[in-house]
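Working notes for the structure below.
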Amino acid sequence: MHELSIAIEILDIVEREAAKHGAAVVRRVNLRVGDLSGVETESLAFSFDAVKGEKDLTRDTILSILRLPVKIHCIPCDGEFKGAGHMVVCPQCEGLDTQLLQGEELEIEDIEID
Amino acid sequence: MSEKITLEQKVLSRNDLLAADLRRLFASEKVAIMNMVSSPGSGKTSLLEKTLGSLSQNLSIGVIEGDIQTDNDAVRIAKTGVPVHQIQTGGACHLEAEMVRKALSHFRLEELDLLIIENVGNLVCPSAFDLGEGLRVVVISTTEGDDKPLKYPAMFRSAHVMVINKIDLLPYTDFDVQKVVRNAMSLNPEIHILKTSCRTGEGLDEWSGFVMEFVQSNNE
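Heads up: the sequence lines are chains R and L, in that order.
Start counting the first sequence at 42; every next residue gets the next number (the working numbering).
Start counting the second sequence at 29; every next residue gets the next number (the working numbering).
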């Protein structure tokens with residue numbers, strides 16, 4: 042359940058940014074979560090709802106989560122591929138000489154405030 | 029009218045920043061840091077006892093034990109004569125850089141060559157929390173499934189070394205060593221692989237040698 046720690050951290054960041062911009066209400070938080078990040082989306086959404094509390098600032102904040110599939114670059118094939126599930130094996134040559142382009146993200150892209 | 033504020037900020041950046049601070053501190057004190065992770069019952073503490081037995085004559089070692097409850101592991105480690113501090117997370121399923129920072133007051137860093145952190149037994153959450161370590165070791169035992177790397181990819185991707193422990197039990201299990209190696213390599217082609225048995229001693233010299241090399245390369 043490290044999703045709870047992550048939810049608390051998200052809320053901290055959001056509150057800090059909201060204060061910086063003098064926001065009365067945070068409408069939405071747009072989060073990007075890669076398939077390799079080890080984050081359980083449902084558990085994170087549940088935790089976020091549990092910690093956002095009754096403050097006017099965040100009571101109705103929606104946590105919007107965009108899942109990002111694994112994307113790799115195969116060096117010998119010189120091509121970009123979608124990883125099969127969690128794998129970083131090239132689906133074309135089945136080799137391991139690949140670089141991860143996408144999949145480990147856990148970041149707040151933006152927040153929408155009033 | 030809503031306003032959009034672009035952040036593009038990593039969620040765990042506070043932990044990452046703190047871990048970076050710790051890493052700088054460890055570098056200036058010339059302490060090598062090893063973070064051991066695994067599922068519960070893989071034999072991390074037994075492996076640690078064996079490691080301390082063979083390395084503590086030549087190295088000054090400290091141990092941080094992470095558990096949700098009890099100081100059982102710290103009591104075991106204390107018997108080896110090595111300074112140990114127990115962190116009880118009180119429910120949290122992983123250690124964070126802040127917990128390690130606080131635990132450092134129990135050690136004389138300037139006197140240590142190696143600080144070993146035994147993380148909470150859990151293959152999911154500890155993977156996301158950098159503790160400032162130079163070496164992350166994931167221990168898997170032959171009584172677990174050989175598909176563990178595929179089930180917990182974040183952990184096996186972030187580890188530098190995979191130790192396959194309880195190798196003496198292979199004849200009694202369906203664990204396929206080649207398969208687990210293939211699975212781990214498919215996620216993390218760079219991962220170094222070692223096999224050990226704390227019961228028979230198989231592979232322990234190689235493992236201790238590997239840790240010794242890590243400490244020496246850290247001091248260069």
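Backbone N, C-alpha and C fix where the C-beta goes; we use that ideal spot for every residue, glycine too.
No experiment lies behind these values; they were computed from the predicted model shown.
Kindly indicate the opening and closing residues of the beta strand (DSSP E) around L/Gln97. Bounds of any beta strand (DSSP E) do not take in L/Gln97, whose DSSP letter is neither H nor E.
Practice task
Work out the CA separation of L/Asp174 and R/Cys118 for me, nearest whole Å.
Solution key: Separation of R/Cys118 and L/Asp174 (C-alpha to C-alpha, rounded to the nearest whole angstrom) is 29 Å.
Just how far apart, CA to CA, sit L/Glu146 and L/Glu31? The straight-line gap from Cα to Cα measures roughly 45 Å.
**Asked** So what does DSSP say about L/Met183, is it helix, strand or coil?
**Response** Residue state, collapsed to three classes: helix.
Practice item. Assign L/Gly71 to one of three DSSP states: helix, strand, or coil. Key: Secondary structure at L/Gly71: coil, using DSSP grouped into helix, strand and coil.
Quick check on the burial criterion: 16 or more other C-beta atoms within 10 angstroms. Buried or exposed for L/Thr98? Exposed, by the Cβ-count rule.
With three or more beta-carbon pairs closer than 8 Å as the criterion, would you say the region 176–194 of chain L touches the region 212–219 of chain L?
At 8 Å Cβ cutoff, the stretches touch.
According to DSSP, L/Thr34 sits in a beta bridge with which residue or residues?
In DSSP, L/Thr34 forms a bridge with R/Asp151.
**Study point:** Partner residues on chain L for R/Gly79, Cβ-Cβ distance less than 8 Å
**Key:** Under the 8 Å cutoff, chain L gives Val152, Cys153, Ser155, Ala156, Tyr180, Pro181, Ala182, Met183.
Checklist entry - Since R/Ser78 contacts R/Leu142 with CB under 8 Å, what's their CB separation in whole angstroms? => result Incorrect: roughly 14 Å between the Cβ atoms, too far for contact.
DSSP three-state call for L/Gly81: helix, strand or coil? If DSSP states are grouped into helix, strand and coil, L/Gly81 belongs with the helices.
Could you name the residues of the same chain whose beta carbon sits closer than 7 Å to that of L/Glu161, not counting the 5 residues immediately before and after it, in chain order? Same-chain partners within the cutoff: Ile61, Met62, Asn63, Ile145.
Excluding the 5 residues preceding and the 5 following L/Ser155 in the sequence, name in chain order all residues of the same chain whose CB lies nearer than 6 Å to its CB.
Cβ neighbours of L/Ser155 beyond the five flanking positions: Ala182, Met183, Ser186.
Hey, L/Glu124 and L/Phe157: beta-carbon distance below 7 Å or not?
With respect to L/Phe157, L/Glu124 sits close: the two C-beta atoms are nearer than 7 Å.
**Prompt:** Bridge partners of L/Asn193, per DSSP?
**Reply:** Beta-bridge pairing links L/Asn193 to L/Ser169.
Query raised in the report: From the beta carbon of L/Leu35, is the nearest beta carbon of chain R less than 7 Å away?
Result: With 7 Å as the cut-off, L/Leu35 counts as an interface residue toward chain R.
Original post:
Just to confirm, are R/Gly144 and R/Asp101 a CB contact at a threshold of 7 Å?
Top reply: No, these two residues do not count as a Cβ contact at 7 Å.
Which partner residues does R/Leu109 have in the DSSP bridge list? According to DSSP, R/Leu109 bridges with R/Gly75.
Given L/Leu143 as reference, the closest of L/Ser41, L/Leu53, L/Asn43 once Cα atoms are compared
Put simply, of L/Ser41, L/Leu53, L/Asn43 the residue whose alpha carbon is nearest the alpha carbon of L/Leu143 is L/Leu53.
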